[in-house]
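Protein chains in written order, with my numbering: chain D, 1 to 251; chain S, 1001 to 1116.
Input: a single structure, listed below in C-alpha cells.
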Amino acid sequence: MTDTEKVIEIQVLRYRPEQETEPVLQSFKVPFTDDMSVLQGLQYIKDYLDGTVSFRWSCRMAICGSCGMMIDGKPKLSCKTFLREYYPAGLRIEALAHMPIERDLIVDAGDFITKLESIKPYIIPKEPRTLEQGEYLQTPQQRDMYEQFSSCINCMLCYAACPQYGLDKTFTGPGVLALMHRYNADSRDGASAERMDLGYAHEGFWGCTAVGYCSVVCPKGVDPANAINQNKMNSAINYFTRFVTPKGGTK
Amino acid sequence: MKRSNEPIFWSLFGAGGMLAALIGPALVLITGIAVPLGILFPADTMSYAHMLAFAQSWIGKILLLAVIALFMWHAAHRIAILLHDFGVHAVTVVKVVCYGLAFAGTVIAAWTLLGL
Ligand code: SF4
Ligand code: FES
C-alpha cells in the first residue's frame, strides 16, 4: 500500500491540569490513507504516538454526538471529517469552543446537560391515557412539524458555533431551543405552555441574535436558527395578544 | 422566568426587514437610478411639487412614515445585536443609542409629515 506513505501533521490542543496551567499545542506526524477520518488520526496518535491524548468518541458514524471538536477552528464531528481534506497543509484540533476544557479535547458538557434537562426533552401527554386507548395516531403532516428537529444528536457543535452562547452562558442555546420546539410542535405533546415560560424569556428564544452559524455547522441537518425564528414569531404574537386571548402563559 | 420585552423591538425589526426586502431595492432603483437618469419614469416624477403633493395625501404620509421609521428600527436592532456579537458589552448604552436614534427619527418624521 503506497497510500500509507502520506504523512500529515496534526496539531492537538493539550491540557493536562496536573501538568500545565494553560492549554498548549502538541504536534504529531500521522501516516494516513484517504479513507481515514480525523478521529482515526487521533486514534492513531493514541495507539502509537502518545497514549495520554484524551478525547471522546463512540459510534464513529455521526450518530452518538460525542466526537465534536474544533478542526482548523470550525466545530465538526471528527468521525465525519476526513484527514485528506487537510492534506498537505495539516490541521489543528482543539476542544469545542465556549465550553470549559476538562482534559485535552474533552469539554465539560455540564451546562449543556442542565439546559437540556430543563426543557423536559420528552413527550408529556396532554391527558393521561390508558393502554386500551391504543397508540397515538399522527398524520404525516403532523410529523413533518417536528421531524427535522428530532434529528439532533446533542453533539454541541452549534454551541461552539454560537457567538451569543460564547458571550452569555445564561442563553439556552441553539440545540436545546430546537429541541424545545421539537417537543412543543409534536401533536402528542401537551407541555408547551410549561416549556415556553423559558422560551419567552431573554434566556430562551429572545437571547438569539440571528447569526445562523448553528444551522451551518449542524452535522444532522437540524436548523436551530429556523426553530428559533419560528418561535420568535409565535412568542411575539403571544406577547401582544396575551391579554386578550384566554389560554397560554399570561405572565 | 421573566418574559422578555424583546418582541416589541423584534416586531419593528421584522416589519422593517420585510418592508426593506420587498421595496428597498425597488426604491433604490426608482429614486436613485431610474428617475435621475430619466429612464422608465417621466423626468419630473420626483419634482418638488409632485413629492409635496404625495406627502400631503394621507396615503403618502403613511407610506413615507412606514418606510422611514421601520427602516430605522430595522437598522437600529441589527446594529445593536451586531455590536453585541462583536463583543461590545455596554448593552444598555448601545440599546439607548440605537433605539433612541430610531425613536427620534420616527418622531421627527411623523412631526414633519403631519406639518406638511
Ligand atoms: S442541533 Fe445539530 S449541532 Fe446542535 S446539538 Fe443538535 S445535532 Fe448538534
Ligand atoms: S463518534 Fe459518534 S458522532 Fe462521531
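For every residue, glycine included, the Cβ atom is placed at its ideal position computed from N, Cα and C.
- Excluding the 5 residues flanking it on each side, S:T1031 has same chain C-beta neighbours closer than 8 Å at M1046, in chain order.
- For D:M36, there is no enclosing alpha helix (DSSP H), since its DSSP letter is neither H nor E.
- Counting only beta-carbon distances shorter than 7 Å to the non-hydrogen atoms of the ligand FES, the qualifying residues in chain order are D:L39, D:W57, D:S58, D:C59, D:R60, D:M61, D:A62, D:I63, D:C64, D:G65, D:S66, D:C67, D:L77, D:S78, D:C79, D:K80, D:I153, D:C155.
- Boundaries of the beta strand (DSSP E) harbouring D:E9: 7-14, taken from the DSSP string.
- Here D:Y15 is buried, its C-beta having at least 16 other C-beta atoms within 10 Å.
- Of D:L167, D:M196, D:G90, the smallest CA-CA separation from S:F1086 is found for D:L167.
- At a Cβ-Cβ threshold of 8 Å, D:P163 and D:P224 do not count as neighbours.
- Between D:R56 and D:I106, the CB-CB gap stays under 8 Å.
- Taking C-beta atoms under 8 Å as the contact rule, D:A201 and S:S1011 fail to qualify, at a distance of about 17 Å.
- Residue-level contact check: D:P121 does not touch chain S, since none of the beta carbons of chain S fall below 8 Å from its beta carbon.
- Distance from the C-beta of D:L157 to the nearest heavy atom of the ligand SF4 is below 7 Å.
- The Cβ neighbour count for D:V12, taken over all protein chains shown within 10 Å, is at least 16; the residue is labelled buried.
- Of the heavy atoms belonging to the ligand SF4, at least one sits nearer than 7 Å to the Cβ of D:P219.
- The CB of S:W1010 comes closer than 8 Å to the CB of W206, K232, A236 in chain D, given here in chain order.
- Around D:E203, the beta-carbon contacts reaching into chain S at under 7 Å are M1001.
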